[in-house]
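Peer 1: Submitted below is the structure of interest, expressed as structure tokens.
Number of protein chains: 2
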Amino acid sequence: MLEVATEVFCERGYAGASMNEIAARCEISKPMLYLYFESKEKLYLACLTFVGDGLIAAIEKSVAGAHSPTEQVLATAAGLFSFAEQRDRAWWGVIYAETMPADTAVAEATIGYRDRIYAVVARAMSGVLDDPLDVELAAHALIGAGESLLRWWVDRPEVTAAELQQRLVGILAPFLGRL
Amino acid sequence: MLEVATEVFCERGYAGASMNEIAARCEISKPMLYLYFESKEKLYLACLTFVGDGLIAAIEKSVAGAHSPTEQVLATAAGLFSFAEQRDRAWWGVIYAETMPADTAVAEATIGYRDRIYAVVARAMSGVLDDPLDVELAAHALIGAGESLLRWWVDRPEVTAAELQQRLVGILAPFLGRL
DNA sequence: AAAGCTCCTTACCGATCGGTAAGTTTACCG
DNA sequence: CGGTAAACTTACCGATCGGTAAGGAGCTTT
């Protein structure tokens, strides 16, 4: 049920998703949906924590065993990919969707999850770069790259998480040699 | 007028933006808006070509003088930054917004612009990587990084385009030495 | 002055939105 | 069986959406 709602929110965005459609795709009636989640905002929040907690757990678990900054960045990607692989490749969108009503609990919560992911990446980057603004910049660029890779990956079902990770390492190999 | 509409679409997304709000912020009445742009979709298309044509022109102009793949990637970023600087830093969102109604002329047109940008980046990457899937992957990652940098830049008005470009080159310098 | 024309607004249309009241089915207990 | 409480649906609410009809203002022409 949360899974269906998450799908719809990812497809249409917050404003574009309708409770009617979500209820229909859950094969229940709208009042039932409102029985479990009392409003659209609460439903989105539920989807957000559902996806966000899982994603952050996957990333932090994956990055826990990494020591060098390089390993940490690659482990972050690996955690992201494995979460997306075993859950749904499009679900990250519920955290990184950009058009939710400002000044709501929803906006606040998404920022919270983004900050936690940012913290992981920024910590890794601060082991490589000195200037704090450079760290910020590089961390945001890396996260954006990850976002974009996931978006691309959604349309490439034949590529597995392992293959994606392997290609990523292969592409970065000539660079990583420098570190 | 196109500028105001573009702002609103970037802030709220396609579904979230209302013609009422756009008209109000243009300080005209809604029927006037419909006189010039006959529907919401047409208005969005107008914003899209308005931003898209300018952005692609800026990128292609900037990348024209670059020869090595490395220079081409950096020139793409420079073109992007200079366009964003002299127009509006948030406007790229009208091309990379992800929640527009599927199977419409709008969706088709955004894909067209994304493809043109992708072509520039992919061409540069194909000078560095051999495997075509690696090229795809790297190009999408780079574009995502650029998107994310722009999003970050919106909230850092004190950073100029020149400084951003300089920092980017500085961060990439140790890597670029390998190429 | 009256007619005509352009420009623009108020006021409305049906559809759909988020959300709910009230009633109907189902199932269980005596 | 009868009664009752939970589970669920139909049908609706006001608000807002994209989009439009109808009718002023202001200006020129005759």
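Residue numbers (my numbering), protein chains in the order written: chain Z, 1 to 179; chain W, 1001 to 1179.
Ideal Cβ placement from N, Cα and C applies to all residues, glycine included.
All figures in this text were calculated on a predicted structure; none of them were measured in a lab.
1. I'd like the list of long-range same chain contacts for glycine 52/Z, defined as Cβ closer than 6 Å, with 5 residues on each side in sequence excluded.
2. Which value, in whole angstroms, describes the spacing of the CA atoms of lysine 1030/W and isoleucine 117/Z?
3. Work out the CA separation of leucine 1033/W and alanine 1005/W for me, nearest whole Å.
4. May I ask which residues mark the beginning and end of the alpha helix (DSSP H) holding glutamate 136/Z?
5. Would you please verify whether the beta carbon of leucine 1129/W is less than 8 Å from any beta carbon of chain Z?
6. In this structure, does DSSP put valine 1121/W in helix, strand or coil?
7. For arginine 87/Z, name the three-state secondary structure that DSSP assigns.
8. Between the alpha carbons of glutamate 172/Z and alanine 57/Z, how many angstroms are there, rounded?
9. Mind checking if leucine 137/Z is an interface residue toward chain W, Cβ cutoff 8 Å exclusive?
10. With C-beta atoms as the reference, is phenylalanine 1175/W less than 8 Å away from phenylalanine 50/Z?
11. Measuring straight from C-alpha to C-alpha, what distance separates aspartate 127/Z and serine 68/Z?
12. Listed from N- to C-terminal order along the chain, which residues in the stretch 1138-1160 of chain W have their beta-carbon within a distance smaller than 8 Å of any beta-carbon of chain Z?
13. Spatial neighbours of alanine 138/Z within its chain, please: CB distance less than 7 Å, with the 5 preceding and 5 following residues excluded, ordered by chain position.
14. So, for phenylalanine 83/Z: in the same chain, excluding its five sequence neighbours on each side, which residues have a beta-carbon less than 7 Å away from its beta-carbon?
15. Tell me, please, whether the CB atom of threonine 1006/W is closer than 8 Å to any CB atom in chain Z?
16. Does any CB atom of chain W fall closer than 8 Å to the CB of aspartate 103/Z?
17. Quick check on arginine 134/Z - is its C-beta less than 8 Å from some C-beta in chain W?
Peer 2: Looking at the coordinates:
1. Locating residue 52/Z in the first sequence gives position 52, where the first residue counts as 1. Cβ neighbours of glycine 52/Z beyond the five flanking positions: Ile95 and Tyr113.
2. One-based indexing of the second sequence puts residue 1030/W at position 30. One-based indexing of the first sequence puts residue 117/Z at position 117. If you take the alpha carbons of lysine 1030/W and isoleucine 117/Z, they lie about 42 Å apart.
3. Your numbering for residue 1005/W matches position 5 in the second sequence. Your numbering for residue 1033/W matches position 33 in the second sequence. Approximately 10 Å between the Cα atoms of the pair.
4. Residue numbering aside, residue 136/Z sits at position 136 when the first sequence is read from its first letter. 132-154 is the extent of the alpha helix (DSSP H) around glutamate 136/Z.
5. Stepping through the second sequence from its first residue, residue 1129/W is reached at position 129. Output row for leucine 1129/W: interface = yes.
6. Sequence index remark: in the second sequence, residue 1121/W carries index 121 (1-based). Residue state, collapsed to three classes: helix.
7. Sequence index remark: in the first sequence, residue 87/Z carries index 87 (1-based). If DSSP states are grouped into helix, strand and coil, arginine 87/Z belongs with coil.
8. Here residue 172/Z refers to the residue found at position 172 when the first sequence is read from its first residue. Here residue 57/Z refers to the residue found at position 57 when the first sequence is read from its first residue. A small fix is needed here, since residue 172/Z is leucine in this sequence, not glutamate. Distance between the alpha carbons of leucine 172/Z and alanine 57/Z: 25 Å.
9. Position 137 of the first sequence, counted from the start, is the residue given in the question as residue 137/Z. Yes, contact with chain W.
10. Within the second sequence, residue 1175/W is the residue found at index 175, counting from 1. Within the first sequence, residue 50/Z is the residue found at index 50, counting from 1. No, the Cβ-Cβ distance between phenylalanine 1175/W and phenylalanine 50/Z is not below 8 Å.
11. Numbered from 1 along the first sequence, position 127 holds the residue referred to as residue 127/Z. Numbered from 1 along the first sequence, position 68 holds the residue referred to as residue 68/Z. The amino acid occupying residue 127/Z in the given sequence is glycine; aspartate does not appear at that position. Cα to Cα, the separation comes out at about 8 Å.
12. Ala1138, His1140, Ala1141, Leu1142, Ile1143, Gly1144, Ala1145, Gly1146, Glu1147, Ser1148, Leu1149, Arg1151, Trp1152 and Val1159
13. As a first step, residue 138/Z is located in the first sequence; it is residue number 138 there, counting from the start. Contacts found: Met125 and Leu129.
14. Counting from one through the first sequence, the residue named residue 83/Z turns up at place 83. Correct list, in chain order: Gly54, Leu55 and Ala58.
15. Stepping through the second sequence from its first residue, residue 1006/W is reached at position 6. Not an interface residue.
16. Taking the first sequence and counting its residues from 1, one reaches residue 103/Z at position 103. Judged by the 8 Å Cβ criterion, aspartate 103/Z is not in contact with chain W.
17. Counting from one through the first sequence, the residue named residue 134/Z turns up at place 134. The amino acid at residue 134/Z is misidentified as arginine; the sequence shows aspartate. Chain W contact via Cβ: present.
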